[in-house]
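Input: a single structure, listed below in structure tokens.
Chains as they are written, first to last, in my numbering: chain D, 1 to 224; chain Y, 1001 to 1401.
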């Protein structure tokens, strides 16, 4: 359960303040499938970064399962990112020198998971996205769709409760984009709270819970 | 994060830019190798000098005519100088407690001739006591005869080289040769000894001191070596000798007594300063190598900004990011240190092999220090880049193109 109340985030660009988020109030129940849409610069990515504990709001409240996390220390937010939150990015963000398997193992390396268990869990996660035959390939040897599937396996390998996807299909053709959406939705069906930021109405429209941001504020909300 | 994973991840990071990593590793290696080579040479020089003094014999006092230590002037200017005579030597032998041997020395150069062969040689006048004092070894025949130092027998003992040059492989014992205008009977041949503190005993003809002084028309001996029975008596014997000779020379203190230790410690100090200066210069190259590492790591952090952002997004803490980059720097510099150590020790071995009698070996403290310092250089110069990485804002880092 995610509860945002009057959440604001302001950047200073040059000498002008930019209000990326203005008084955003939102509630996402556990297992929700939400899409966040809106024009460029409307604050979609900032909202996702705040939800993912990568960014801190300047004011307002963010409660995760009843716990206030907006003012947590860096170390505690690191633990939340490690155990509760998975990220999928438009540009995949795979580490180029590591194999697909190595990339999926990465969160477990920093969590201190034993090597044997790490390997088993990473292979299982790769299997779930249909990439077992590509486990030993480096990102440069994989197609865009395959790279995003590796990133997806990495996002869920720690067993998070929230999956945040920032334009997950933005760099993909329709076919592999559709495959990613199908995988995301199947994970949501498994109980994961899914938040997708997208430009694409065809993708955004599939969500049960649709949020439209304009100039950092919620302009429209439909569902859940 | 487990230590093993940290090392593996850091190694992976280094493999991403092998040329840059290799060059900064080379920098550390050169620094460490030069420290090792220079300290090895310093240690080798020290061992060499100590060895030379040990071969001179132990518990030795060297008595020179003339007073040089207090006035700093030439002795002749300081007042009347009495000759240091064989009688003085005899008086020391009889009158000073704890003296084991007194070996007077007279030196001159004269042509030595046997049959048609001839060469110039140092005529080394002394007594039988020189043999135990200087640890001489006689190859065959015998050393100078014992008995009164004043007896000027016409006998001689040949250095190994003089013997081969004049007699070849033949046995010269019992033969008669000419030294200057006088005839000497050969009674012994010395075993080869080689260079010792700049004096080659293989090219020397040993004769009784009284014969030598007569030959070169000298009244004063060149110096004398006094062997003391125990190390604890050295100072007391030194004072007794000075007092005794002063009495004999009408109250004039006109001799200088040197101890081996004083000479040795002077050499030691010179070598210490030299070694320290050379090592200091070598240490500068290590700090330059450190700056090289810092530069490489800074470039690496800026190239891998997106990766650092990702690591934070998947749950790496700032401390872990710091550790990863510190580990990279430390691995780089330690690997350089180990490589430098290998090269340095190899070079010291080469120097030793190329110069007989001289062994350059790295002192253990230098080896330990090289490894600790090289790891330390990585940590110290890696700290700034690693902190920069750890402090990166993940949102900005991920958005970097």
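Don't be surprised by glycine CBs; every beta carbon is placed ideally from N, CA and C.
Relative to residue 1024/Y, the option among 1299/Y, 1082/Y and 1105/Y whose CA is nearest is 1299/Y. In the DSSP assignment, the residues bridged to residue 1119/Y are 1112/Y.
It is roughly 18 Å from the alpha-carbon of residue 1159/Y to the alpha-carbon of residue 1211/Y.
Approximately 19 Å separates the beta-carbon atoms of residue 1313/Y and residue 21/D; this is outside 8 Å, ruling out the contact.
Of all residues in the segment 118-141 of chain D, none has a C-beta nearer than 8 Å to a C-beta of chain Y. At a cut-off of 4 residues, the continuous stretches assigned as alpha helix (DSSP H) that sit fully inside the segment 1311-1395 of chain Y are 1318-1354 and 1364-1391. Rounded to whole angstroms, the gap between the alpha carbons of residue 33/D and residue 144/D is 24 Å. When DSSP states are grouped into helix, strand and coil, residue 1227/Y belongs to the strand group.
At a cut-off of 7 Å between beta-carbon atoms, residue 87/D makes contact with chain Y. Taking CB atoms only, residue 1274/Y has no neighbour in chain D less than 7 Å away. At least 7 Å separates the CB of residue 1326/Y from every CB of chain D.
In the DSSP secondary-structure assignment, residue 1233/Y is not bridged to any residue. Excluding sequence positions up to five before and after residue 1274/Y, its CB lies within less than 7 Å of the CB of 1042, all in the same chain and listed in chain order. Looking at 1150/Y, 1144/Y, 1149/Y and 1181/Y, the one whose alpha-carbon comes closest to that of residue 1173/Y is 1144/Y.
At a cut-off of 7 Å between beta carbons, residue 49/D contacts chain Y.
Judged by DSSP secondary structure, residue 1132/Y falls within the alpha helix (DSSP H) whose first and last residues are 1130-1133. Against chain Y, the CB of residue 58/D has no partner CB under 7 Å away; the residue lies outside that interface. Close to chain Y, meaning a Cβ-Cβ distance shorter than 8 Å, are the following residues of the segment 66-90 of chain D: 74, 75, 78, 79, 81, 82, 83, 87 and 89. When Cβ pairs closer than 8 Å are counted between the two stretches, the segment 1275-1285 of chain Y is seen to touch the segment 1029-1045 of chain Y, the count reaching three or more.
Residues of chain D whose Cβ lies closer than 7 Å to the Cβ of residue 1002/Y are, in chain order, 112. Of the residues 187/D, 153/D and 200/D, the one whose Cα lies closest to the Cα of residue 100/D is 153/D. Less than 7 Å divides the Cβ of residue 1063/Y from the Cβ of residue 1257/Y. Residue state for residue 87/D is assigned as strand, using DSSP reduced to three classes.
For residue 109/D, the nearest beta carbon of chain Y is closer than 7 Å to its own beta carbon.
Below the 8 Å Cβ cutoff, chain Y contributes no neighbours of residue 13/D, its closest Cβ being approximately 12 Å away. For residue 1348/Y, same chain residues with a beta-carbon under 8 Å away, outside a window of 5 residues either side, are 1036, 1037, 1040, 1041, 1044, 1360, 1361 and 1362 in chain order. Burial is judged here by how many other beta carbons sit within 10 angstroms of a residue's own beta carbon; residue 1126/Y has at least 16 and is buried. Distance from the CA atom of residue 1276/Y to the CA atom of residue 1147/Y, rounded to whole angstroms, is 51 Å. A straight line joining the alpha-carbon of residue 1137/Y with that of residue 1124/Y spans about 16 Å.
Within the DSSP secondary-structure output, residue 68/D pairs in a beta bridge with 63/D. Residues of chain Y with a Cβ closer than 7 Å to the Cβ of residue 97/D are, in chain order, 1012, 1015 and 1016. Here residue 1184/Y is bridged, per DSSP, to 1177/Y. Within chain Y, the residues placing a beta-carbon under 8 Å from that of residue 154/D are 1314, ordered along the chain. One Cα belongs to residue 58/D, the other to residue 6/D, and the distance between them is close to 10 Å. Residue 1039/Y sits in a helix when the DSSP states are folded into three classes. The alpha-carbon of residue 1383/Y is positioned some 16 Å away from that of residue 1288/Y.
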